[in-house]
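When we follow our numbering, the leftmost residue of the sequence shown carries the number 59, and every step to the right adds one.
The beta carbon of each residue, even a glycine, is placed where N, CA and C say it ideally should be.
Because the structure is a prediction, the values reported are computed rather than measured.
Down below is the structure, laid out as structure tokens.
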Amino acid sequence: MKNFIFITGGVLSSLGKGLTAGSIGALFEASGYKVSFIKLDPYLNVDPGTMSPYEHGEVFVTNDGLETDLDLGHYERFTNAVLNKDSNVTAGKLYSRLLEKERKGDLLGKTIQIVPHFTNAIKEAVYNVCHESDVTIVEVGGTIGDIEGLPFIEAIRQIGLEKKKNNSVYVHLTYLPYLKMADELKTKPTQHSVKTLLSMGIQPDILICRAEKELSEDIKKKISLFTNVEEQFVISAPDLNNIYSQPLVFAKQNLDKSLINFLNLDSRKSDLTNWTQITNTLATLENHVNIAMVGKYNECKDAYKSIYEALIHAQIPNNIKVNISCIDGEDLTAENVDSVLKSFDGILVPGGFGNRAVEGKILAAGYARRNKIPYFGICLGMQVAAIEFARNVLNLPQANSTEFDVNSIDPVITIIEEQKNITFKGATMRLGKYDCKVDTNSKVFAAYKTDMIDERHRHRYELNPKYIPALEQHGLHISGKNNVDDLTEIIEITDHPFFIACQFHPEFKSKPFAAHPIFVEFIGAAKRLNLI
Ligand code: GLN
């Protein structure tokens with residue numbers, strides 16, 4: 059019998075449903091249960107690939123190349139679950155599948171309706187991911203009351219009916235605003251949100267209550283009375299300094315035991331030692347390094363979510379805190395770059411698309427190269443490093459990417475036609491996991507300690523092989539290659555304490571207990587500079 063945990067959100071968006079789902083997954087794994095996940099997104103885009111990071115945060119990429127919601131990053135960071143193309147569906151994707159069936163005549167004679175056809179498609183997507191796990195955690199995007207969310211709530215209600223009571227648990231995440239004048243957390247929005255959920259046929263079993271502070275026993279009592287959720291199942295989720303302590307905060311309130319009881323699973327001994335250890339380490343870091351992240355979505359932390367998290371993970375083995383300052387590449391000029399960047403121990407240029415802020419990123423790469431400041435370039439961050447090197451070391455002032463100048467006379471970064479035909483199969487992006495052979499005589503090999511790695515990609519442009527001999531001759535070493543398609547994966551400057559840039563996105567694979575080796579070495583190099 060398969061088990062399901064449904065997570066819905068009320069009152070406001072951005073409450074941390076993904077983090078809650080990931081933390082619940084971690085609790086089950088700590089008790090020896092295997093989990094799987096699915097994120098149901100009620101919006102109409104087929105996937106978040108084309109959505110602005112301003113609006114929707116980072117686009118996370120799975121091994122098999124699905125462009126997904128950033129919550130999947132939380133699931134992978136908090137658990138050992140391996141996510142794939144089935145782990146995130148949107149209303150747009152399900153509607154387009156359904157309409158394709160309708161056009162093909164597979165539903166001939168039928169009137170296609172939201173209930174049952176669309177809701178059945180949602181249920182199928184959920185059942186599809188449950189086979190190899192003990193518990194499937196289903197997160198429904200959006201907030202209760204959203205019009206587009208209705209069929210999704212109806213579908214999860216029906217699954218509860220089909221699976222009977224003991225195999226499904228409804229967890230509702232809600233928010234209690236703190237009213238300063240009254241010095242009180244207010245429960246009314248939560249009461250309303252639960253009423254709305256009830257009107258759709260779902261009585262939540264567990265309420266997870268986000269608030270600035272911890273809920274008092276009185277508040278829990280009041281919420282329980284108005285929502286029909288037993289007091290022991292009203293869980294307090296105050297703001298945390300460190301998200302990796304969330305599983306412990308939940309376990310302290312017996313959320314793990316309650317979920318196991320609801321699902322009628324055997325109660326097993328839970329081992330959360332590793333979560334306690336990292337929480338303690340993160341709480342006691344004394345010194346810090348300052349890292350400049352030169353991007354273009356600097357108002358929005360979520361746009362670089364996995365990079366932020368990977369930098370936090372790298373704090374642990376280095377035993378040092380990382381202070382991240384976001385610098386908008388658009389604000390950097392040849393005149394101010396030295397003064398803006400001079401106080402940093404390391405510079406990271408993340409991935410990105412489009413022209414805006416590119417010249418500033420190129421200036422940042424040049425500053426790091428000349429001043430021997432640790433530099434870590436990710437995807438576009440590698441491309442700008444190569445452009446900078448070509449312009450200022452190879453003396454090719456017009457060097458550029460054809461993404462920014464289609465007529466560039468020195469297209470150091472370009473779309474490789476042959477590779478496009480072989481690998482892209484009609485799509486335009488290189489997406490998902492690819493192998494990379496690492497040169498054993500390189501800094502990056504010292505980081506990975508293996509010469510065969512795989513990492514996830516999301517880009518169209520590549521380093522133009524025509525320029526490789528000149529780049530190598532002048533000290534820019536190609537230290538990682540994809541031998542199948544003959545593409546450059548990693549570059550580094552030999553005569554530099556730490557200048558590594560990669561075409562892939564290492565941040566997607568970093569975990570709190572297995573910080574990504576390049577991030578670890580980058581922070582290690584920044585720490586060495588800081589100690590000088
Ligand atoms: N815009 C660049 C490309 O498409 C880089 C993409 C990225 O940084 N993810 O190749």
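Which complete alpha helix (DSSP H) runs does the segment 218-270 hold, if anything under 4 residues is left out?
246-257
With the cut-off set at 8 Å, would you say A505 and E579 are in Cβ contact?
yes
M510 (DSSP reduced to helix, strand or coil):
strand
Give the single residue among A84, L208, E87, V184 whose Cα lies nearest to the Cα of P100.
L208
Taking 7 Å as the line, does the beta carbon of L438 fall inside it for any heavy atom of ligand 1?
Indeed, a heavy atom of ligand 1 lies less than 7 Å from the Cβ.
Counting C-beta neighbours from all protein chains within 10 Å, is the total for I170 16 or more, i.e. buried, or is it exposed?
I170 counts as exposed, since fewer than 16 other beta carbons sit within 10 angstroms of its beta carbon.
Let me check understanding here. Comparing Cα to Cα, which of D144, G200, Y153, R155 lies closest to V184?
Proximity to V184 across D144, G200, Y153, R155 peaks at D144, based on C-alpha coordinates.
With three or more C-beta pairs closer than 8 Å as the rule, is the segment 364-374 touching the segment 562-569?
yes
Own chain residues within Cβ distance below 7 Å of S81, not counting five before or after:
Taken in chain order, the residues that qualify are F136, Q304, P305, F308.
When you compare each of G200, A213, D204 to E182 by their alpha carbons, which one comes out closest?
A213
Euclidean distance between Cα positions of E530 and G387
27 Å
With a threshold of 7 Å on Cβ separation, who are the neighbours of K430 within its own chain once the five nearest residues in sequence on each side are excluded?
Counting only Cβ-Cβ distances below 7 Å, and skipping sequence neighbours, we find H554, P555.
Could you name the residues of the same chain whose beta carbon sits closer than 6 Å to that of N413, not counting the 5 residues immediately before and after it, in chain order?
F462
Keeping to the same chain, check which residues put their C-beta closer than 8 Å to that of T460; ignore five residues upstream and five downstream.
Same-chain partners within the cutoff: S466, P469, I471, T472, I473, Y519.
Looking only at its chain, what residues have a beta carbon closer than 8 Å to the beta carbon of G484, apart from the 5 residues adjacent to it on each side?
Because G484 carries a pLDDT of 43, less than 50, the predicted location of this residue cannot be relied on, and the following value inherits that uncertainty. Around G484: no qualifying Cβ.
How big is the Cα-Cα spacing for F86 and K168?
42 Å
Do P296 and M351 have their C-beta atoms closer together than 8 Å?
no
Among the candidates K524, E513, E288, A528, whose CA atom is the shortest distance from the CA of G538?
E513
Given this structure, state the Cα-to-Cα distance separating D192 from A269, to the nearest angstrom.
31 Å
Would you mind working out which of T552, E550, V496 sits nearest D544, comparing C-alpha positions?
It is V496.
By Cβ distance below 6 Å, which residues in the same chain neighbour A584 in space, the five residues on each side in sequence not counted?
So the list reads V347, D403, G404, P432, once near-sequence residues are dropped.
Count the other CB atoms, across all protein chains shown, that sit within 10 Å of the CB of H189; report buried if there are 16 or more and exposed otherwise.
Note on H189: under 16 other CB atoms within 10 angstroms of its CB, so exposed under the neighbour-count rule.
C-alpha gap between M109 and R326, whole angstroms
42 Å
Would you identify the three-state DSSP class for L406, choosing helix, strand or coil?
It is a strand residue.
Taking only runs of the beta strand (DSSP E) that begin and end inside the segment 112-192, which ones reach a length of at least 3 residues, in chain order?
146-148
Just to confirm the assignment, what range does the beta strand (DSSP E) spanning I63 have?
61-67
Compute the minimum distance between the beta carbon of R414 and the heavy atoms of ligand 1, and state whether it is under 7 Å.
no
Tell whether a beta-carbon distance below 8 Å holds between T339 and I374.
yes
Roughly how many whole angstroms lie between the Cα atoms of A423 and I96?
39 Å
Looking only at DSSP bridge pairs, what is P469 linked to?
N458
Measuring CB to CB, does I293 end up less than 8 Å from L317?
no
According to the neighbour-count rule (16 or more other Cβ atoms, all chains shown, within 10 Å of its Cβ), is K363 buried or exposed?
buried
Would the segment 267-283 count as touching the segment 228-240 if we require 3 or more Cβ pairs under 8 Å?
yes
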